[in-house]
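Visitor: So the sequence shown is residues -27 to -1, 1 to 634, counted in mature numbering (1 follows the signal peptide of the UniProt record, and there is no 0).
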Amino acid sequence: MIRQTVVSATALMAVVASFIVAPAASATSTGAEVLELPAGESRIVVIDESVADADAVAEAVTDAVDGSGDTSTVLDEIGAIVAPLDDAAADVLEAIPGVDVVDDELVTIGATSTQSNAPWNLSRLDQQFLPVDSAYAYPTAAGTGVRVYVIDSGVTPNASQFGNRLLAGATAVNDNRGSSDCNGHGTHVAGSVASSSWGVAKQALIVPVRVFDCSNSANLSTVLTAIDWVITNHPAGTPGVINMSLSGGQNVEMNLAVREATAAGLIVVAAAGNANRDACVESPASAPEALTVGATTIQDARASFSNFGPCLDIFAPGENIISVDNDSLTNPVLMSGTSMAAPHVAGAAALLWSTMPGASARSVESALVGQAFTGRVTSTGTGSPNRLLSSLAVDTTLIPGAVSGVSATAQGETSAKVSWKAPTVNADKVTDYTIQFRRIGTSTWLTASDGVSTATFATISGLQANTVYDVRVRGESFTGSGPFSSLATVQTRTGQAPAGAVPVYRFWSSTLGAHFFTASATERDHVIRTYPKAVWNYEGVAFGAYSTQVPGTVPVFRFWSETHGAHFYTASQAERDQVLRLYPRKVWAYEGIAYYAFPEKPTAFDTFGVDRFWSPSMGAHFFTASKAESDTVRRIYPSWVWTYEGTRFYVPTTVGITAPR
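Listed below in structure tokens is the structure:
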């Protein structure tokens, strides 16, 4: 699915040092590289390097493996280690903070074969509406120069269908068959991608990466090893697509491997699964970075077996799909499943990429989804996007470019304001903007209900308090969607400042031309009782602060100037020390801590910023938490009367302001 994610600081990293590395891979008669894995039952070790001591963990794993007579396989690119660990060793490692040891789970493929039939599925890709016309038009580039890695059961060579476009690839199944197919699933998938008779991208290169044996059996570690091999061996700077027509339960390690593959510049296409349920409970279908594909019938209905939901990106033909048979060089075979739908998308990605030389994987994904037919699929299932794969290229000269400068600011506990800059390309073609958001750590994007507008700002509502969200924006036009922007993050507020705030009282002296502030009700009463209004006139509550320190606050220091007849306040210890060092007591005498306030604006709850002014003519400072008052002073008075010095500290909004505002 096309969903950008922020890689967290706790990204799982595998430790390479101190492990027993598998022997060098050998070649088979088919030329496929053999990917060595530990014999017997294994577990997968992942390490959060920001938490765990990498060297200590490495030593612990080495100790656990030593003496077993087996080896460990280090998957450098995706950050995982496959090791033959028993229960006791796994328990020891799991007790180390930042270490996760997971069992090697079963991964499955699913499809049924029947008699041959006409290739309706290709015809459907290049026409807007039913019925199909039995014709399939495609650009002459036809996927030239694009490698499509089919992580599956292998591919049986077929000169008439693949010619010299079938490369050697690799195998994680050590049965002397190399990357050849002994059950037919992978060959059928590869045929839908790029065979000359039934393929979408008829000139694309096919690289088989075999993970399933003849009984359709594969483990998680096998698939992870395959992905790692692809990332390592894909030629840098060239376009590449991974097709994963396989599924298992939702799995963090599988999804992280998909992330690493996309980070390496590859497009990853995943089958949604064939259980007629939410695809978000399966992997790699739930991987945020994968293009996840559901299956449709010849009537444009969601296939009865196809998974659905918000983790889908697109639908493609997946029922009664004709393609290459591994048992026959001449007779094709029919299969059904989301396994058959996914290679249509992989082929379409290769097709499109070959017409966009130098384009990034993300640009190709965006264009592919953007050119999909919308509103065609019936019975899509709860949460599914109504997009059907199309090979018809849209006029990209009319699609908006990427928006930039996205920022988001919390507007309270449950809302945030988002703003951005219009795209520099085709800004005049923008008819609306789509704003999406998701909680950090989740894969499901939600679309803000902001109406149709070309304004470059919007408010997102319905958020959870004290929660961090990713936000992204894209431009829309009549011909398609632009790419999503880079992510912005925002944390909503708790709405609750620390308890215990007290009023800070304000006085004005027309005699001295100065203000005076105190958080002491006793001092306030003393001043009111002792001095006439011409000396100190009580104006009310200036703002709230803390009489004792609470988390996040710093002291606000108070000085008195006998020379100027004024008080001075600062939340900066450096400024306090400078005043003490430079001025005699008659100029500025230190009186101690006046109260406590926040030196920076908290993100979790609302605060007032306290602005400071300096009057060169009166030798006095003035403070206000009222934005209206601050704006008025700046607008009315010249700088020699009141010079604005900026916001100096922040105070809670839980105490009301009654002083002039």
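Where a beta carbon is used, it is the ideal one built from N, C-alpha and C, also for glycine.
(1) At the level of alpha carbons, what is the spacing between Val128 and Arg445?
(2) DSSP three-state call for Ala461: helix, strand or coil?
(3) Just to confirm the assignment, what range does the beta strand (DSSP E) spanning His317 have?
(4) Buried or exposed: which applies to Arg608, given that a residue is buried once 16 or more other Cβ atoms fall within 10 Å of its Cβ?
(5) Considering only the beta carbon of each residue, do Gly116 and Trp393 sit closer than 9 Å?
(6) Buried or exposed for residue 720, going by 16 or more other Cβ atoms inside 10 Å?
(7) From Ser2 to Val241, what does the alpha carbon distance come to, in whole angstroms?
(8) Within the continuous beta strand (DSSP E) that includes Gln551, where are the two ends?
(9) Would you check whether the ligand MN has a heavy atom nearer than 8 Å to the C-beta of Trp613?
(10) Please report how far the alpha carbon of Trp202 lies from the alpha carbon of Gly582, in whole angstroms.
(11) Specify the secondary structure class of Ala62 as computed by DSSP and reduced to three states.
(12) Would you be able to state if there are at least three C-beta pairs under 8 Å between the stretch 143 to 151 and the stretch 282 to 296?
(13) What are the boundary residues of the alpha helix (DSSP H) that Gly159 is part of?
(14) Return the first residue and the last residue of the beta strand (DSSP E) that Leu264 is part of.
(15) Please report the straight-line C-alpha distance between Arg150 and Ser188, rounded to a whole angstrom.
(16) According to DSSP, is Arg558 helix, strand or coil?
(17) For the alpha helix (DSSP H) that His499 lies in, which residues bound it at each end?
(18) Ordered along the chain, which non-local residues of its own chain (more than five positions away) have a Cβ less than 6 Å from that of Cys253?
(19) Buried or exposed: Asp59, going by 16 or more other Cβ atoms within 10 Å of its Cβ?
(20) Would you call the stretch 449 to 466 and the stretch 500 to 520 in contact, with 3 or more CB pairs under 8 Å?
(21) Go through the stretch 209 to 280 residue by residue and report every complete run of the alpha helix (DSSP H) that reaches 4 residues or more, in order.
(22) Kindly indicate which three-state DSSP category Gln522 falls into: helix, strand or coil?
(23) Kindly identify the DSSP beta-bridge partner or partners of His488.
(24) In the DSSP assignment, the beta strand (DSSP E) including Gln409 goes from what residue to what residue?
(25) Does the beta-carbon of residue 696 have 16 or more other beta-carbons within 10 angstroms, so that it is buried, or is it exposed?
(26) With burial defined as no fewer than 16 other Cβ atoms inside 10 Å of the residue's Cβ, what is the status of Gln223: buried or exposed?
(27) I believe Gly118 touches Thr211 by the beta-carbon criterion, under 8 Å. Please report the beta-carbon distance rounded to the nearest angstrom.
(28) Here's the rule: buried if 16 or more other CB atoms are within 10 angstroms of the residue's CB, otherwise exposed. What is Ser483?
(29) For a quick check, are the C-beta atoms of Arg585 and Gly629 less than 9 Å apart?
(30) Going straight from the alpha carbon of Met217 to that of Pro104, what length do you get?
(31) Does the beta-carbon distance from Phe490 to His537 come in below 9 Å?
(32) To the nearest angstrom, how far is it from the Cα of Val214 to the Cα of Leu139?
(33) For Thr87, count neighbouring Cβ atoms within 10 angstroms of its own Cβ and tell me buried if that reaches 16, exposed if not.
(34) According to DSSP, simplified to helix, strand and coil, what is Leu193?
Guide: Once the coordinates are examined:
(1) If I take the Cα positions, the gap works out to 40 Å.
(2) The answer is strand: DSSP assigns Ala461 an E or B state.
(3) Here His317 belongs to no beta strand (DSSP E); instead the alpha helix (DSSP H) covers Thr311 to Ser327.
(4) Under this definition Arg608 is an exposed residue.
(5) In this structure, Trp393 does not lie closer than 9 Å to Gly116 by Cβ.
(6) What is shown of the chain runs -27 to 634, which leaves residue 720 out entirely.
(7) With a pLDDT of 32 at Ser2, under the threshold of 50, the modelled position of this residue cannot be trusted, and the question is left open.
(8) First-last for Gln551: Gln546 to Leu555, but that is the alpha helix (DSSP H), not the beta strand (DSSP E).
(9) The ligand MN is not among the ligands present in this structure, which contains no ligands whatsoever.
(10) Approximately 55 Å, taken between the alpha carbons.
(11) For Ala62, the three-state secondary structure derived from DSSP is helix.
(12) Fewer than three Cβ pairs drawn from the stretch 282 to 296 and the stretch 143 to 151 lie within less than 8 Å of each other, which leaves the two stretches out of contact.
(13) Here the alpha helix (DSSP H) through Gly159 covers His158 to Ala167.
(14) It spans Leu264 to Thr269 - the beta strand (DSSP E) in which Leu264 sits, taken as one unbroken run.
(15) Spanning the two alpha carbons is a distance of roughly 14 Å.
(16) In this structure, Arg558 counts as coil in the three-state DSSP scheme.
(17) Counting along the chain, the alpha helix (DSSP H) containing His499 begins and ends at Ala494 to Thr503.
(18) Around Cys253: Ser259, Gly282 and Cys284.
(19) If you draw a 10 Å sphere on the C-beta of Asp59, you find fewer than 16 other C-beta atoms in it, and that means exposed.
(20) Taking a cut-off of 8 Å for Cβ pairs, the stretch 449 to 466 and the stretch 500 to 520 do not touch, as fewer than three such pairs fall below it.
(21) The qualifying runs are 225 to 236.
(22) Coil, per DSSP.
(23) According to DSSP, His488 bridges with Trp481.
(24) Looking at the DSSP string, the run of the beta strand (DSSP E) that includes Gln409 is Asp405 to Arg412.
(25) With the chain represented from -27 up to 634, any question about residue 696 goes unanswered, as that position is not in the structure.
(26) Taking a 10 Å sphere around the C-beta of Gln223, we find 16 or more other C-beta atoms and assign the residue as buried.
(27) The pair is a contact, with the Cβ atoms about 7 Å apart (cut-off 8 Å).
(28) Per the 10 Å Cβ criterion, exposed.
(29) No, these two residues do not count as a Cβ contact at 9 Å.
(30) If you take the alpha carbons of Met217 and Pro104, they lie about 30 Å apart.
(31) Not a contact, by the Cβ cut-off of 9 Å.
(32) About 15 Å.
(33) The pLDDT assigned to Thr87 is 27, lower than 50, so where the model puts this residue is not dependable; a value taken from the coordinates is nonetheless given after this. Answer is exposed; the Cβ neighbour count stays below 16.
(34) Secondary structure at Leu193: helix, using DSSP grouped into helix, strand and coil.
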